[in-house]
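I have placed the structure first, in the form of structure tokens, so that the comments after it can refer back to it.
Residue numbers (UniProt numbering): 1 to 398.
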């Protein structure tokens, strides 16, 4: 714990990126859980716009910046432990052997050179290193790295500082944050001479099962260890501050039989769930986004997590005409969370660019405001601080 505090302190002290990251504040008031105050702010892989994604520092920083939920993507180790990584591929190589993308320093570890292999993940051939070929103890010898250094060069200053966290460590971090908030609420009540406090809503957790069909095929399904860990930390009921999300359908249906916690069907702007590919189901995400598809989704999920382009398609890089998706999803009884809201010009629709520099920050607030006006119930963002400001400003204007 002492080491964690030191690491987090170092990250927080060093993470000022010009005007992108202003001083963080710890709030004593709670944040909403499922079915409560809207719209929700979901920290996409933690505060990944400021420090390397899926690290304890990124999750903690997001909480300090006002996120309602933190989002760990979950994959599994050789010895069956869920860990937080964007993909099970922790370093991916180009055909010439150079590193194309990496979230760890595994390529620099000669003792793991023999673990390099080629696998087909959801129909795509990938050469590199994969979590399922490492025990947790071996993964813990690696260190996290910024995944997109060309877009976020400042994040690279934190390379090799942080471990790959387990899902349990993420849950423990959230638990510690919630304990602190309760203590601050009690202190606030005492300062007010015993007058009742309005209550503390906990920070929630929003795990995604990555490649569930692939892992089931390896004999290491993700559902059982996920539900077991959630149960251990008290996430058991329909109103628990948790959402489980997946791009596949079958594993959400399986989870529906295993737990009462809310489930979210992820939808992209193209393609189809990979379990549909395997089963020969020809339906696409576009089919699921239609009223009939949404009615089916509502039979097993509480909500949908959807690519912003499904709600407002891009036309020549700019926002086009909004679709009826949000209205249709709400008519089916589903909440709608949009992804992903990022502040860099590289990711923003051209309407909100600040310059031609892809790494510079644009008008994230403008994008957030546009989508909240559609009735969005929550959003995923890499920049929790800026997104929190945008959401609060929108709410104040209502």
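Ideal placement from N, C-alpha and C gives every residue a C-beta, glycine not left out.
Three-state secondary structure (DSSP) at residue i?
i           : result
residue 398 : coil
residue 311 : helix
residue 248 : coil
residue 100 : strand
residue 53  : coil
residue 109 : coil
residue 232 : helix
residue 319 : strand
residue 299 : coil
residue 84  : strand
residue 222 : coil
residue 203 : coil
residue 64  : helix
residue 95  : coil
residue 360 : coil
residue 77  : coil
residue 385 : helix
residue 164 : coil
residue 376 : coil
residue 47  : coil
State the Cα-Cα distance for the pair residue i and residue j, rounded to the nearest angstrom.
i           : j           : result
residue 243 : residue 264 : 6 angstroms
residue 168 : residue 88  : 17 angstroms
residue 157 : residue 177 : 26 angstroms
residue 179 : residue 229 : 19 angstroms
residue 292 : residue 216 : 29 angstroms
residue 159 : residue 336 : 34 angstroms
residue 121 : residue 214 : 7 angstroms
residue 72  : residue 96  : 31 angstroms
residue 141 : residue 109 : 9 angstroms
residue 378 : residue 40  : 4 angstroms
residue 101 : residue 398 : 42 angstroms
residue 326 : residue 332 : 10 angstroms
residue 276 : residue 211 : 13 angstroms
residue 226 : residue 248 : 16 angstroms
residue 135 : residue 330 : 43 angstroms
residue 267 : residue 392 : 26 angstroms
residue 106 : residue 112 : 7 angstroms
residue 54  : residue 45  : 5 angstroms
residue 63  : residue 387 : 12 angstroms
residue 254 : residue 224 : 10 angstroms
residue 396 : residue 218 : 50 angstroms
residue 99  : residue 119 : 16 angstroms
residue 171 : residue 67  : 15 angstroms
residue 132 : residue 85  : 12 angstroms
residue 380 : residue 43  : 6 angstroms
residue 234 : residue 65  : 25 angstroms
residue 272 : residue 384 : 29 angstroms
residue 103 : residue 317 : 29 angstroms
CB residue i to CB residue j, shorter than 9 angstroms?
i           : j           : result
residue 399 : residue 236 : Residue 399 is absent from the model: the chain starts at 1 and stops at 398.
residue 164 : residue 83  : yes
residue 320 : residue 312 : yes
residue 309 : residue 343 : no
residue 80  : residue 220 : yes
residue 150 : residue 359 : yes
residue 130 : residue 144 : no
residue 146 : residue 207 : no
residue 382 : residue 47  : yes
residue 77  : residue 139 : yes
residue 152 : residue 250 : no
residue 376 : residue 338 : yes
Looking only at its own chain, which residues have a Cβ that is under 7 angstroms from the Cβ of residue i, when we skip the five neighbours before and after it?
i           : result
residue 256 : 263 and 300
residue 314 : 320 and 349
residue 367 : 341, 348, 349 and 352
residue 182 : 200
residue 322 : 311, 312 and 374
residue 252 : 246, 263, 265, 300 and 301
residue 328 : 291 and 294
Given residue i, which residues of its chain have a CB within under 6 angstroms of its CB, disregarding the five upstream and five downstream residues?
i           : result
residue 128 : 89, 91, 92 and 93
residue 56  : 165 and 173
residue 238 : 260
residue 365 : 390
residue 295 : 332
residue 307 : 268 and 269
### Message
Could you tell me which whole alpha helix (DSSP H) segments of length 4 or greater appear in the region 236-289?
### Response
250-258, 274-279 and 285-288
### Task
Kindly provide the ranges of any beta strand (DSSP E) runs that are 3 or more residues long and lie completely inside the region 116-154, ordered along the chain.
117-121 and 124-130
### Task
Mind listing, in chain order, the continuous beta strand (DSSP E) runs of no fewer than 3 residues lying wholly within the region 317-352?
335-341
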